[in-house]
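Just so we're aligned, residue 13 is where the first sequence starts under this note's numbering, counting upward by one. Only one structure is covered here, and it is reproduced in the block below.
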Amino acid sequence: MNKKEKIGKILNILATVYPDAGTALIYKTPFELMVAAILSAQCADKQVNRVTARLFKKYNTPQEFAALSQEDLAEEIKGCGLYRNKSKYIIEASRELVKRYGGTVPRNRSELESLPGVGSKTAGVVSGVIYGSSALPVDTHVHRIAHRLGLSRASNPRKVEEELAGHIPPHQRMAAHHRLIAHGRKVCLARRPACGNCHLVEFCEYQPKEDRHSCT
DNA sequence: AACTCGGGGCA
DNA sequence: TGCCCAGAGTT
13 MNKKEKIGKI LNILATVYPD AGTALIYKTP FELMVAAILS AQCADKQVNR
63 VTARLFKKYN TPQEFAALSQ EDLAEEIKGC GLYRNKSKYI IEASRELVKR
113 YGGTVPRNRS ELESLPGVGS KTAGVVSGVI YGSSALPVDT HVHRIAHRLG
163 LSRASNPRKV EEELAGHIPP HQRMAAHHRL IAHGRKVCLA RRPACGNCHL
213 VEFCEYQPKE DRHSCT
């Protein structure tokens, strides 16, 4: 079985186990999606949704966010952690959007990554949605699972993405992203993976140690 | 490569 | 209570 077949089988299994993964990630505009993606760092979606529901009733555009002070926005986004960093990133990114992109969110990943607070994973999510899911953002979960399944040995997330995406049709990549994350949170945990409940054991090269459970 | 930011979820 | 995050920037 070559790697393409292996990935295909894995994604088919994940599709049956996590059919609805990622369907809640819907925002009205690319800009609101970008703000939500920045807020998502190290924070569960549930909290992000609670904060953004409140936040977007007051402000919706890059122009409005660009006019806020960091202190004011920090107060608005309390509840999903890292609020000082995130408020700074969101305001500076908004100002950059107004200044360089006419208040629109760029669709190019390298342009997105040049924005404050927008790194590899966030840029991948934003451009993935805008591009109709051609990206396969690699976060810590996707990264860890790719290693355990023997799908990539790279340490750079973008390199991992290249190796995976090459074997996945463009329109299936974002779904794969969300399903791998769902699997990483529920079963393929970083510390104590629930290998007994895993549907992918036949493809997995990872053997948890007796008393120590490292990442790779 | 290691460190910082941070509140909420969960055992 | 302590431990752990659906990251990104800095040193």
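Glycine included, C-beta positions come from ideal geometry on N, C-alpha and C. Computed from a predicted structure; not experimentally measured.
With C-beta atoms as the reference, is residue i less than 9 angstroms away from residue j?
| i | j | result |
| --- | --- | --- |
| V29 | R165 | no |
| A147 | G129 | no |
| C55 | L80 | no |
| I38 | F77 | no |
| V63 | G34 | no |
| L161 | C216 | yes |
| K98 | L51 | yes |
| V150 | S126 | no |
| H179 | I19 | yes |
| H7 | R204 | A query on residue 7 cannot be resolved here, the shown segment of the chain reaching from 13 to 228 and no further. |
| A187 | L23 | yes |
Exposed or buried, which one is residue i when buried takes at least 16 other CB atoms within 10 Å?
| i | result |
| --- | --- |
| E173 | buried |
| P169 | buried |
| T134 | buried |
| G114 | exposed |
| H225 | Note that H225 has pLDDT 39, beneath the 50 cutoff, so the model's placement of it is unreliable and the number below is only indicative. Exposed, since its Cβ has fewer than 16 Cβ neighbours within 10 Å. |
| A206 | exposed |
| R185 | buried |
| G208 | exposed |
| E222 | Since pLDDT at E222 reaches only 42, below the 50 mark, its modelled position is unreliable, and the value read off the structure follows with that caveat. So E222 ends up on the exposed side. |
| H189 | buried |
| H195 | buried |
| G47 | Per the sequence shown, the amino acid found at residue 47 is Val instead of Gly. Its Cβ being crowded by 16 or more others within 10 Å, V47 is buried. |
| A65 | exposed |
| S139 | buried |
| V141 | buried |
| V60 | buried |
Taking 8 angstroms as the cut-off, does the segment 36 to 53 touch the segment 65 to 79 (at least 3 CB pairs, one atom from each stretch)?
yes
Would you check if the segment 105 to 123 and the segment 81 to 90 touch, i.e. whether three or more CB-CB distances between them fall below 8 angstroms?
Contact fails: fewer than three Cβ-Cβ distances are below 8 angstroms.
Looking at C-beta atoms only, is the number of pairs between the segment 150 to 162 and the segment 116 to 123 that lie closer than 8 angstroms three or more?
No: the two stretches stay apart, fewer than three of their Cβ pairs being nearer than 8 angstroms.
At 4 residues or longer, what runs of the alpha helix (DSSP H) sit wholly inside the segment 47 to 126?
57 to 70, 74 to 78, 82 to 88, 95 to 113 and 121 to 125
Can you give, in chain order, each stretch of the alpha helix (DSSP H) that sits fully within the segment 155 to 203 and has at least 4 residues?
169 to 177 and 185 to 198
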